[in-house]
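Accompanying notes for the structure given below.
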Amino acid sequence: MAETTTTDSVVIPEPVTTYDDGGRKQPPPEKAADVRRRTLVIVSFWLIVLCLGLPIWWQTTTIYRAKLPLDEMLDWADGRACRPVFPLRISVEANDLQHQEAQNLVRLTQHALDDLNDFAGHHLRLQLASSGRPSETTAETDEDDTSALTIRLVQGDSTASALHPHSPVLDITYPPNSIPTQTSSSSALASYIATQLRSTFAEEQAIISYLLSTTSSFPAEQRPQGLTPEAADALAKRTTRSLRYSPTYHLTFSLFTGGHLPSSWDIEAAVAEFMKPVLDILTPIHNFTIDTQIQLYATPGVQSQVLNKEDLSSFVNAAEWPLSPSIGGAPTVNFIVYIGNQTIGLPTAEQAGSDGATATSQSWLVPQWGTVYLLPLPEDKAHVSASTLKQPLLTFTSHLLSLLGTPQSGSLPLRLSTLSRIRSADLLLRASSTLGSLARLSLALPSISIPSSVADGVSKTMSHLRLACDTLGTPGALYHARVAEEEAERAFFEKSMVGQLYFPDEHKIAVYLPLLGPVGVPLVMGLLNELKAWRKRRREAVDNGKAKKET
């Protein structure tokens, strides 16, 4: 008997093909699980981008900006935080007078001095040297016991004054009958002393007035207006000629000759004898390093015997005369002795002789560079002695003081103390101006980096500026002003901050687009497509719901 086998057949439904209104074939409907899976994939990518990628990008690309005291910095730059005032103590020695007479004379002189003083930057305070206490009309004494000037009153036949050449001492002689009585409200001797004091510090007042009138770190309405155009022009030329302040200068002494002789010189002995004393006096303000060199067969740029003013600029040929470079970053001051028979012609009416001949000179000063001295010597002289170098070294010393911005009037110690106060004011104003520039730069460029070192430098600058402002007129003010200027310059020219100035926003866009474009476009397009599909499904669900309600 044959067996009958029954096989069950599985019927696979054919996919339903749908068409749109235009007769185009549509893809088969997606399963809910596939739609949910695709949505989760897109959401996961965006969650990784938003929750992980963006925070990492933000953290690694955010520009650090340390907090700066911008308001205080602008106050310093605009002159509201400090007004340069120099309280100078004047010591009065009157050994020939009774204490009450001397006190009365100091009081009347102080009154006369206050009436004459038209410059608010100077407060000259008179004080009797014997008492050690300030006069009745003066404020409290400075913390520094050193006086800017000492007045020695000595009886004589007439009233006269003389400034001591080697110390800050003003000798004043007076007749005995010129001493004012206790009931006098004025005195000719007191007025004379006040006039001499005003004359002694007139150049310092003019220089400080010029600094305040030309700086942007002082309000225009508070700047001194007493300088004449001629005085301002003369001070501008001196400022242009002077070197920028530096705590250390490198002095290079060079001997140039057109042949093989002379081949040696006693420059060390000459510097020690004729220049070292002045350098030692300048030590509280500047330090100096010295080197020397000899250059044989050095040919000047011009060959004429009498050099005109136009020839001076081409006399030193940098290609033929190799000069020593700066050492340790300090500015170099060049002092050149050229052995030759040239002279410098000065055909001006004032310097020409009575017979109309042209006056001559042996040296000239190059602004912010140094000095060239033309020294005629016999052709067979092989060695230059220290005595022969006396006049060149004295000329170099005088020109060095000019290059450093030293005032021209008064004794050397008084000129140097004046130089210290001028440099203090100059550095204080420059540091204040730099703070203002840094504050305005920070406000103008919100995307610039401000590292913590800049904030520390600003803090140190303001601290030393305050100390310098409080101690103006004393030797310590120069130190604080110098540190403040150095810290301000270091903060303003911070390398990591300056580099950001050369990366504008257009550059950032050009960097990011090639990197983010290939990644961002698929993410954005995928999100948009998914949103469209979701809206379509939702609209179809709403339509189906309405159809069911109608049926």
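Sequential numbering from 778 applies to the sequence shown in this note's numbering. Just so it is clear, CB atoms sit at the ideal spot from N, CA and C, and this is done for glycine as well.
Is residue i helix, strand or coil by DSSP?
i     : result
T914  : Since pLDDT at T914 reaches only 39, below the 50 mark, its modelled position is unreliable, and the value read off the structure follows with that caveat. Of the three classes helix, strand and coil, the one that applies to T914 here is coil, per DSSP.
Y1074 : coil
G1322 : helix
L1154 : coil
F1051 : helix
T1165 : coil
H1160 : strand
G1213 : helix
E849  : helix
S963  : coil
N954  : helix
N1094 : coil
H876  : helix
L905  : strand
F1065 : strand
W1042 : strand
K1086 : helix
Y841  : coil
G830  : helix
W835  : helix
P864  : strand
W1146 : coil
A983  : helix
G1133 : Residue placement at G1133 is poorly supported in this model, since its pLDDT is 35, which falls under 50; the coordinates still yield a value, given next. Here G1133 sits in coil by DSSP.
Using the beta-carbon count (16 or more within 10 Å), is residue i buried or exposed?
i     : result
H943  : exposed
I1286 : exposed
T1060 : exposed
F1270 : exposed
W853  : buried
A1126 : Caution is warranted here: a pLDDT of 38 is assigned to A1126, below 50, making its placement in the model unreliable, and the coordinate value is therefore given only provisionally. Classification of A1126: exposed, given that the 10 Å Cβ count is below 16.
R857  : exposed
T915  : Low confidence applies here, because T915 scores a pLDDT of 40, under 50, leaving its location unreliable; read the following figure in that light. Label assigned to T915: buried.
R910  : Unreliable placement is indicated for R910, whose pLDDT of 43 sits below 50; the coordinate value is still reported in the next sentence. Looking at its Cβ environment, which holds fewer than 16 other Cβ atoms inside 10 Å, R910 is exposed.
Q1185 : exposed
F863  : buried
I764  : For the chain, the structure presents residues 778 to 1328; residue 764 sits outside this window and is missing.
G1294 : exposed
P1077 : buried
Name the residue from the options whose alpha carbon lies nearest to the alpha carbon of residue i.
i     : options                       : result
F1092 : F822, V1319 and G1035         : G1035
F1033 : L1056, V1048, Y841 and T1069  : T1069
S1090 : V1143, S1041, Q1080 and F1051 : V1143
R929  : T923, N894, A879 and S964     : A879
P846  : L1300, T1238 and R1316        : T1238
A1011 : L893, I984, S1194 and T1066   : I984
V1288 : N1306, L1028, T838 and L1222  : T838
T977  : K1323, L1189 and M1052        : L1189
G933  : A925, D948 and I833           : D948
P1153 : P1054, Q1082, L1180 and T1195 : Q1082
S962  : V1319, H888 and E1007         : H888
R1015 : L1178, N1306, A810 and D855   : L1178
F1030 : P1006, L1004, A1049 and I1067 : I1067
T1195 : P806, A925 and L827           : A925
Closer than 6 Å by C-beta to residue i: which residues in its own chain qualify, once you throw out the five before and the five after it? Chain order, please.
i     : result
Q959  : N881
L1191 : P945
L1084 : Q1119 and I1121
H1257 : H1241, L1244 and A1245
K1313 : none
A1202 : P861, I985 and L988
D1088 : V1079
L1166 : A1047
S908  : Unreliable positioning characterises S908 in this predicted model, as indicated by a pLDDT of 49, which lies under 50. A coordinate reading is not provided.
To which residues of the same chain is residue i closer than 8 Å at the C-beta, ignoring the five residues directly before and after it?
i     : result
Q982  : F896, G898 and H899
S955  : T936, S964, A965 and L966
R975  : L890, L893 and N894
P1039 : L1032, I1116, L1154, K1158, A1159, H1160 and V1161
S821  : none
Within a Cβ cutoff of 7 Å, which residues of the same chain sit near residue i, ignoring the five residues on either side of it in sequence?
i     : result
P1024 : H1063, N1064 and R1259
A1046 : A1163
M778  : In this prediction, M778 has a pLDDT of 44, which is less than 50 and means its spatial position is unreliable; nothing more can be read from the coordinates.
T1017 : P1144
L824  : none
L1056 : F1065
A1232 : A843, K844 and L845
Is the CB of residue i under 8 Å away from at least one CB in chain C?
i    : result
S976 : In summary, chain C is missing from the structure at hand, where a single protein chain is found.
Looking at the ligand ATP, does it come within less than 7 Å of residue i, judged from the CB to the closest heavy atom?
i    : result
Q877 : In the structure on display, the ligand ATP does not appear, and there are no ligands present to speak of.
Quick check for students: name the residue ranges of the beta strand (DSSP E) that lie wholly in the region 1216-1245, counting only runs of 3 or more. none
Just to confirm the assignment: which complete alpha helix (DSSP H) runs, minimum length 4, are found wholly within the region 1262-1318? 1272-1275
Could you give the uninterrupted runs of the alpha helix (DSSP H) lying entirely in the region 1000-1033, keeping only those of 4 residues or more? 1006-1018
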